[in-house]
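Chains as they are written, first to last, in the working numbering: chain D, -2 to 341; chain R, -2 to 341.
Backbone N, C-alpha and C fix where the C-beta goes; we use that ideal spot for every residue, glycine too.
So the structure is just underneath, and the comments pick up after that.
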DNA sequence: ATGCTGATTTAGATCGATCTAAGTGAGGAG
DNA sequence: CTCCTCACTTAGATCGATCTAAATCAGCAT
């Protein structure tokens, strides 16, 4: 392995061929200014010498970069992964590259990654901020001239574009379905971290909706907790030790619903005793026993929207909607809807 | 917004303070060569002028980069996400940054991303190759001097370090459990893409194991297909129309097991009729009805191992094991084990 | 032969940092 | 007072590309 051989540069290709660096540069960028014969010989020579274009050097000169950073709190969460996927799809179409970086729900890591991305002079940043993100951190990022889009939680006074699902509508939809369709007189909002903006919005509008409709709101069952499937199972099991569940429950996510449903099942409760609605509409939800009613948010499309908003900011306006689609409710067995025509 | 103001460079900080660029550079890198007073005034002035370090320029000069590319086929797959997480953890500890890029199981996208990463002069690349990856693509990447690690599928003649689970052992473990523990006389390997290396290895050793133990191997149920949960449900439903299932089934993943179990359940089959074992041990598996027996592969640790192998190649050997841990079987209800002490 | 046109090609400056090797100045030894 | 350290600072070259403005050249009309 010739490892200490110096890397081949444009100059080497140029010298070896008796042309100038500028010509090689034009060929590499596919410029129409060079003649077909020159182009071919340059490409052949570059290939022969094993030349690889140095993007860092080019970026330094041109002051532009086609990498976009996606700063995500937890890529293991399928919702987050799907959002990334949608964003990536649109970015790729317009010649940008998406680099996903994981903050692992950690403020310091997020701050470090913000700095790194700015220092790398990325073309833009899409971020789902971690729970305890300080406004100052986002403001600092925005001040550094990087085109920026935030999801999930808005920072109103920062002027940073925000994309998010209509969480207020989700809470209302869940509340209306449980109270009006199923006639539940006592309901709860189950799960979700107390600091998470979506939980605050959903829980708020859910509570308003059900209280306005004359149902009572179960405070004990509506205590927030981290939204893992096992956490949900444990929390539900503990609560069921103290007494029966409320008549209807809107869960912060489908995973939370899975945990809750298992606990209910083990205690012998059915959807007729406790109607459960989830949020996210995961693929597993249709096959869970009982099949889980869920409110879908179309994360992939949200990701696409984010990318479009960012590109508009960058100055490469793409076509397609720049607001996310409304959430949709998919009634299944877990709330007692028992649809005759399952979606499989 | 002062948008057209030229970016502040080290030179600006230096001039504004009456020192040299070199001094500013030393301060920015935290060198002990500068005096405390100089350091402080430089930092203050940099902050005042809104200076941000230009990593691209630095990398050009130093010929080094602390970004590592993780080329992943499908970040929505929780297994892939966990591997990325583990790799990231170790890379961060040693001062590197992990940038995850998604190939969406597409050969052209993968090739494009390989090129981009090389052009960006990343410190290294960890890749889970897409199904139809040509050896030439990996060879080309390896030839471009980038430290490289591949997972899931080895490219033996390329000399590229490989990290992967012991799929042969997984197949054998599954086979032994079904045949020896549960006494199944007719078994099958259900699901997985025909081109996927893990499927080939697992299915092969599973078949050998069960045949050697005198059980018969159901070819019809062992046809490969894409490993989605809904695909698995449809495939299983279709097969059940033609007749009863084999006595024992090893599934290519837990998601495949979920789909199969739903189809079995709807037809009234129990774990006593058809014992099911999955692979991956997802969190949902413990809460599925019936709880799903599964072979765990510890994806996070595999990710860590990958990063360690890569770092060794780069020349920053970390401590910790550089071979992945062996898979472990977690017996639950779906194979009929019905453990008295559930893991929750 | 001369001048003009349009198509190619190129020299030299530049992007913003780091590195090398040399320079400066204060304090102590001779 | 001079010389030598030692701690700190710096000028100028350099990394590998792009950009600007000018040069070259062939072909053609005058």
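- Query: Just curious, the beta strand (DSSP E) that residue 248 of chain R is in, first and last residue?
  - Reply: Here residue 248 of chain R refers to the residue found at position 251 when the second chain is read from its first residue. Start and end: 245 to 248.
- Query: In chain order, what residues of the same chain have a beta carbon less than 7 Å from the beta carbon of residue 353 of chain D, not counting five sequence neighbours either side?
  - Reply: Residue 353 of chain D cannot be examined here, being either before or after the span of chain D that is shown, -2 to 341.
- Task: Write down the C-beta distance between residue 202 of chain R and residue 165 of chain R rounded to the nearest angstrom, noting that I regard them as a contact closer than 8 Å.
- Result: Position 205 of the second chain, counted from the start, is the residue given in the question as residue 202 of chain R. Position 168 of the second chain, counted from the start, is the residue given in the question as residue 165 of chain R. The Cβ separation is near 4 Å, so the contact holds.
- Give every residue of the same chain whose Cβ lies closer than 6 Å to the Cβ of residue 242 of chain D, excluding the five residues on either side of it in the sequence, and list them in chain order. Here residue 242 of chain D refers to the residue found at position 245 when the first chain is read from its first residue. So the list reads 271, once near-sequence residues are dropped.
- Item | CB contact check: residue 295 of chain R to chain D, cutoff 8 Å | Residue numbering aside, residue 295 of chain R sits at position 298 when the second chain is read from its first letter. Not an interface residue.
- Mapping DSSP to helix, strand and coil, what is residue 183 of chain R? Reading the second chain from its first residue, position 186 is the one you call residue 183 of chain R. Reduced to three states, the DSSP call for residue 183 of chain R is strand.
- Check whether the Cβ atoms of residue 10 of chain R and residue 21 of chain R sit closer than 8 Å, and answer yes or no. Taking the second chain and counting its residues from 1, the one referred to as residue 10 of chain R is at position 13. Taking the second chain and counting its residues from 1, the one referred to as residue 21 of chain R is at position 24. Yes, Cβ-Cβ distance for residue 10 of chain R and residue 21 of chain R is below 8 Å.
- Answer yes or no: does any C-beta atom of chain R fall closer than 8 Å to that of residue 57 of chain D? Numbered from 1 along the first chain, position 60 holds the residue referred to as residue 57 of chain D. Closer than 8 Å: yes.
- Task: Please decide whether residue 264 of chain D counts as near chain R, where near means a Cβ-Cβ distance under 8 Å.
- Result: Residue numbering aside, residue 264 of chain D sits at position 267 when the first chain is read from its first letter. Answer no: the Cβ-Cβ gap between residue 264 of chain D and chain R never drops below 8 Å.
- Query: Quick one: is residue 108 of chain R near chain D, going by C-beta distance under 8 Å?
  - Reply: In the second chain, residue 108 of chain R corresponds to position 111, counting from 1. Not an interface residue.
- Query: Rounded to a whole number of angstroms, what is the C-alpha to C-alpha distance between residue 234 of chain R and residue 217 of chain R?
  - Reply: On the second chain, residue 234 of chain R is found 237 positions in, with the first residue counted as 1. On the second chain, residue 217 of chain R is found 220 positions in, with the first residue counted as 1. In this structure, the CA atom of residue 234 of chain R is about 13 Å from the CA atom of residue 217 of chain R.
- From the DSSP output, which residues share a beta bridge with residue 214 of chain D? Here residue 214 of chain D is taken as the residue at index 217 of the first chain, counted from 1. Answer is D:184, bridged to residue 214 of chain D.
- Query: Are the segment 309 to 327 of chain R and the segment 256 to 271 of chain D touching by the rule of at least three beta carbon pairs closer than 8 Å?
  - Reply: no
- Task: Determine which residues of the segment 222 to 250 of chain D have a Cβ less than 7 Å from any Cβ of chain R, and write them out in chain order.
- Result: So the close ones are 226, 227 and 230.
- Starting from the Cα of residue 99 of chain D, find the closest Cα among R:113, R:67 and R:213 and give me that residue. For the purposes of this step, residue 99 of chain D is taken as residue 102 along the first chain, with counting starting at 1. Considering only alpha carbons, the answer is R:67.
- Short check: CB of residue 287 of chain D to CB of residue 258 of chain D, under 8 Å? By 1-based counting over the first chain, the position of residue 287 of chain D is 290. By 1-based counting over the first chain, the position of residue 258 of chain D is 261. It is a contact, given that the beta carbons lie within the stated cut-off.
- Listed from N- to C-terminal order along the chain, which residues in the segment 116 to 144 of chain D have their beta-carbon within a distance smaller than 8 Å of any beta-carbon of chain R? 116, 117, 118, 140, 141 and 142
- Item | Backbone secondary structure at residue 31 of chain D - three-state DSSP | Working through the first chain from its first residue, we reach residue 31 of chain D at position 34. Here residue 31 of chain D sits in coil by DSSP.
- Query: What are the residues that DSSP puts in a beta bridge with residue 94 of chain D?
  - Reply: Your numbering for residue 94 of chain D matches position 97 in the first chain. BP columns for residue 94 of chain D point to D:64.
- Item | N-terminal and C-terminal residue of the alpha helix (DSSP H) that residue 10 of chain D is part of | Here residue 10 of chain D refers to the residue found at position 13 of the first chain. Counting along the chain, the alpha helix (DSSP H) containing residue 10 of chain D begins and ends at 7 to 14.
- Going by other Cβ atoms of all chains shown within 10 Å of its Cβ, with 16 needed for buried, is residue 138 of chain R buried or exposed? By 1-based counting over the second chain, the position of residue 138 of chain R is 141. In summary, residue 138 of chain R is buried, with 16 or more beta-carbon neighbours lying within 10 Å of its beta-carbon over all protein chains present.
- In angstroms, rounded to a whole number, what distance separates the CA positions of residue 131 of chain R and residue 110 of chain R? Sequence index remark: in the second chain, residue 131 of chain R carries index 134 (1-based). Sequence index remark: in the second chain, residue 110 of chain R carries index 113 (1-based). Their backbone Cα atoms lie some 14 Å apart in a straight line.
- CB residue 244 of chain D to CB residue 184 of chain D, shorter than 8 Å? Counting from one through the first chain, the residue named residue 244 of chain D turns up at place 247. Counting from one through the first chain, the residue named residue 184 of chain D turns up at place 187. Yes, the Cβ-Cβ distance between residue 244 of chain D and residue 184 of chain D is below 8 Å.
- Message: I'd like the list of long-range same chain contacts for residue 196 of chain D, defined as Cβ closer than 7 Å, with 5 residues on each side in sequence excluded.
- Response: Reading the first chain from its first residue, position 199 is the one you call residue 196 of chain D. Contacts found: 189, 190, 221 and 249.
- Message: Against residue 255 of chain D, what residues of chain R qualify as contacts under a CB-to-CB distance less than 7 Å, listed in chain order?
- Response: Residue numbering aside, residue 255 of chain D sits at position 258 when the first chain is read from its first letter. 281 and 284, listed in chain order.
- Below 7 Å CB to CB, which residues in the same chain sit around residue 300 of chain R once its five sequence neighbours on both sides are set aside? On the second chain, residue 300 of chain R is found 303 positions in, with the first residue counted as 1. The answer, listed in chain order, is 79, 80, 81, 82, 83 and 84.
- Item | Interfacial residues, the segment 88 to 112 of chain D to chain R, with Cβ spacing under 9 Å | Residues 89, 94, 95, 96, 97, 98, 99, 101, 106, 109, 110 and 112.
- Task: Taking a Cβ distance cut-off of 7 Å, strictly less, list which residues of the segment 71 to 86 of chain R are near chain D, in chain order.
- Result: For the segment 71 to 86 of chain R, which is checked against every Cβ of chain D, the residues closer than 7 Å are 72, 73, 75, 78, 79, 81, 82 and 85.
- Query: Cα separation between residue 209 of chain R and residue 307 of chain D?
  - Reply: As a first step, residue 209 of chain R must be located in the second chain, where it is residue number 212. As a first step, residue 307 of chain D must be located in the first chain, where it is residue number 310. Whole-angstrom Cα-Cα distance: 59 Å.
- Message: Any beta carbon of chain D sitting closer than 8 Å to that of residue 220 of chain R?
- Response: Looking up residue 220 of chain R in the second chain gives position 223. No, because no Cβ of chain D sits closer than 8 Å to the Cβ of residue 220 of chain R.
- Secondary structure at residue 252 of chain R, three-state DSSP: helix, strand or coil? For this step, residue 252 of chain R is matched to residue 255 along the second chain. Looking at residue 252 of chain R - three-state DSSP - the assignment turns out to be helix.
- Touch check for the segment 138 to 148 of chain D and the segment 168 to 182 of chain D: three-plus C-beta pairs under 8 Å? no
- For the segment 180 to 209 of chain D, which residues have a beta carbon sitting closer than 9 Å to at least one beta carbon of chain R? none
- Output yes if chain R places a C-beta closer than 8 Å to the C-beta of residue 49 of chain D; else output no. In the first chain, counting from the first residue as 1, residue 49 of chain D sits at position 52. Cβ-Cβ to chain R under 8 Å: yes for residue 49 of chain D.
- How is residue 203 of chain D classed by DSSP in three states: helix, strand or coil? Position 206 of the first chain, counted from the start, is the residue given in the question as residue 203 of chain D. If DSSP states are grouped into helix, strand and coil, residue 203 of chain D belongs with the helices.
- Task: Taking C-beta pairs closer than 7 Å, name the residues in chain R that residue 41 of chain D reaches, listed in chain order.
- Result: By one-based count along the first chain, residue 41 of chain D stands at place 44. Under the 7 Å cutoff, chain R gives no residues; its nearest Cβ is about 17 Å from residue 41 of chain D.
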